[in-house]
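For the sequence shown, full-length UniProt numbering assigns the number 1 to the initial residue and increments by one for each residue that follows. Beta carbons: idealized from backbone N, C-alpha and C, even for Gly. Here the structure is laid out as structure tokens; the discussion comes afterwards.
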Amino acid sequence: MITLLKEVGRGKRGARDLTYEESLRAAEEILSLRATPAQIGAFFIAERIKMESVEELEAFVDVCRQSAYRLPSQEGIDCAGPYDGRKKSFYATFACSFVLAAAGLPVTLHGTASLPPKWGITLHDLLGQIGIQPDSLEREDWIRASKETGVLYVPAEEWCPPLKALRPIREELGMRTVLNTAEKLIDYSHSPYLVFGVYHNTVFDRLSRLMTKLNYRKSLIVQGTEGSEDLFIDRPTRTYIVENGIATLHVVNPETLGLDTPIPETVWTAASQISVTEEVLRGEADMAFMHQVLLNAAYRLHHADRAGSVEEALYICKALLESGDAWNTYTKWRSLLAR
Numbered sequence: 001m002i003t004l005l006k007e008v009g010r011g012k013r014g015a016r017d018l019t020y021e022e023s024l025r026a027a028e029e030i031l032s033l034r035a036t037p038a039q040i041g042a043f044f045i046a047e048r049i050k051m052e053s054v055e056e057l058e059a060f061v062d063v064c065r066q067s068a069y070r071l072p073s074q075e076g077i078d079c080a081g082p083y084d085g086r087k088k089s090f091y092a093t094f095a096c097s098f099v100l101a102a103a104g105l106p107v108t109l110h111g112t113a114s115l116p117p118k119w120g121i122t123l124h125d126l127l128g129q130i131g132i133q134p135d136s137l138e139r140e141d142w143i144r145a146s147k148e149t150g151v152l153y154v155p156a157e158e159w160c161p162p163l164k165a166l167r168p169i170r171e172e173l174g175m176r177t178v179l180n181t182a183e184k185l186i187d188y189s190h191s192p193y194l195v196f197g198v199y200h201n202t203v204f205d206r207l208s209r210l211m212t213k214l215n216y217r218k219s220l221i222v223q224g225t226e227g228s229e230d231l232f233i234d235r236p237t238r239t240y241i242v243e244n245g246i247a248t249l250h251v252v253n254p255e256t257l258g259l260d261t262p263i264p265e266t267v268w269t270a271a272s273q274i275s276v277t278e279e280v281l282r283g284e285a286d287m288a289f290m291h292q293v294l295l296n297a298a299y300r301l302h303h304a305d306r307a308g309s310v311e312e313a314l315y316i317c318k319a320l321l322e323s324g325d326a327w328n329t330y331t332k333w334r335s336l337l338a339r
């Protein structure tokens, strides 16, 4: 580990990217905790300064996957948002998941209790508001609920134990590390489709090459709200579509679909997130949130090849909200998991 540290820790000009094989050794040392806390912290900081290469990210994803419990393919979509949560935006992806499941597209969500650097509201917090305690349920409970409803939630630190073991170091560092990317790509249900949130468009090229190496059938990289996978409803969103090794820039403009809507000022807490989520699924929410869920659900349904166009997908998703099918999927899922 010391030899590898010397390569990445020589400073901005002297540091070099590790090869995939070297990165694999580093990831194995870190995720097994054979490296010391000081070495792990130093590596994370050095990588943060240097910026992780595609090969380094790939190695950490591969070792995380080897360390995790993963289900057989559900032929669905993995929604990969930041584990450090939200502070000032609506969790459209949560409501969206039940619309997609009602449409017959399996959905995988995953997360943990809040992490740095944002320390925001997480999916874990939302589940707690509806009586679901993510870290106290058995793996079989989540799997049963997913089989009956089409929505799988994975408490990542339970299904990938090294993430739990490394939490204290990440909390002490208080900054983004290579794990902030790798943990979102563990792909717990071997999903062929991915929607992945990023903060900065400067990482589009690097991540599109990574998605190709990870063999997703189709990936949608979104520079969304607070670095999430959620498309904006009040302005255009930059995305990259990665398919067959080719990455294409695509700007999603809600105005072209007649959906652009100003977002009302809202103080977001876990309770208000759930309140708005349930209003959306009942068809009673402010139009901005209704439109944001429709836009995101439609693009994901089309992305997963379940609709011939975004317009067709919008029609499908709108009907599922109006009929109550999305709400019924949500209430069934909640009843299966709440204690």
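Cysteine 64: member of the alpha helix (DSSP H) spanning 54-67, first to last residue.
Beyond the five residues adjoining it in sequence on each side, leucine 4 comes within less than 7 angstroms, by CB distance, of Leu18, Glu22, Arg25, Ala26 in the same chain, given in chain order.
Distance from the CA of methionine 211 to the CA of valine 195, rounded to the nearest whole angstrom, comes to 11 angstroms. DSSP places proline 168 in no beta strand (DSSP E) but in the uninterrupted alpha helix (DSSP H) bounded by 161-173. Taking 8 angstroms as the cut-off, the beta carbon of asparagine 328 is found no closer than this to the beta carbon of threonine 93. Judged by DSSP in its simplified three-state form, proline 155 adopts strand. Within the same chain, and ignoring the five residues on either side of glutamate 322 in sequence, the residues whose Cβ sits closer than 8 angstroms to its Cβ are Gly283. Excluding five sequence positions before and after serine 97, the CB atoms of its chain that fall closer than 8 angstroms to its own CB belong to Cys79, Val107, Leu109, Val151, given in chain order. Rounded to whole angstroms, arginine 235 and arginine 167 show a C-alpha spacing of 35 angstroms. Per DSSP, reduced to three states, the secondary structure at glutamate 243 is strand. Cβ-Cβ separation between leucine 281 and tyrosine 315: approximately 18 angstroms, too far for a contact (criterion under 8 angstroms).
In this structure, tyrosine 240 keeps its C-beta atom at 8 angstroms or more from the C-beta atom of lysine 218. Straight-line spacing of the CA atoms in leucine 126 and isoleucine 30 works out to 31 angstroms. Under the 10 Å beta carbon count, serine 146 is surrounded by 16 or more other beta carbons and is classified as buried.
Nearest Cα to histidine 291 within the set Tyr91, Gly245, Ser32: Tyr91.
When the Cα atoms are used, glutamate 229 and valine 293 turn out to be separated by approximately 12 angstroms.
Exclusion of the five residues before and after aspartate 135 leaves Pro155, Glu158 as the residues of its chain whose Cβ lies within less than 7 angstroms of its Cβ. Asparagine 201 and valine 222 have their C-alpha atoms roughly 9 angstroms apart. Taking the C-beta atoms as reference points, glycine 245 is found no nearer than 8 angstroms to phenylalanine 232.
Excluding residues up to 5 positions away in sequence, Val178, Thr181, Ala182, Leu210 lie with their Cβ nearer than 7 angstroms to the Cβ of leucine 57 in the same chain. Here lysine 50 is near valine 8, since their CB atoms are less than 8 angstroms apart. Along the length of the region 215-299, whole beta strand (DSSP E) runs at least 3 residues long occupy 218-222, 237-243, 246-252, reported in chain order.
The beta carbon of histidine 250 sits closer than 6 angstroms to the beta carbons of Thr239, Ile241 from its chain, once the five residues preceding and following it are set aside; these are given in chain order. Residue pairing of aspartate 78 in beta bridges, as defined by DSSP: Thr108, Leu194. In this chain, proline 117 is not harboured by any alpha helix (DSSP H), its DSSP state being neither H nor E.
For the set Trp333, Glu52, Asp305, the Cα lying nearest the Cα of alanine 15 is the one of Glu52. It is roughly 26 angstroms from the alpha-carbon of arginine 339 to the alpha-carbon of tryptophan 119.
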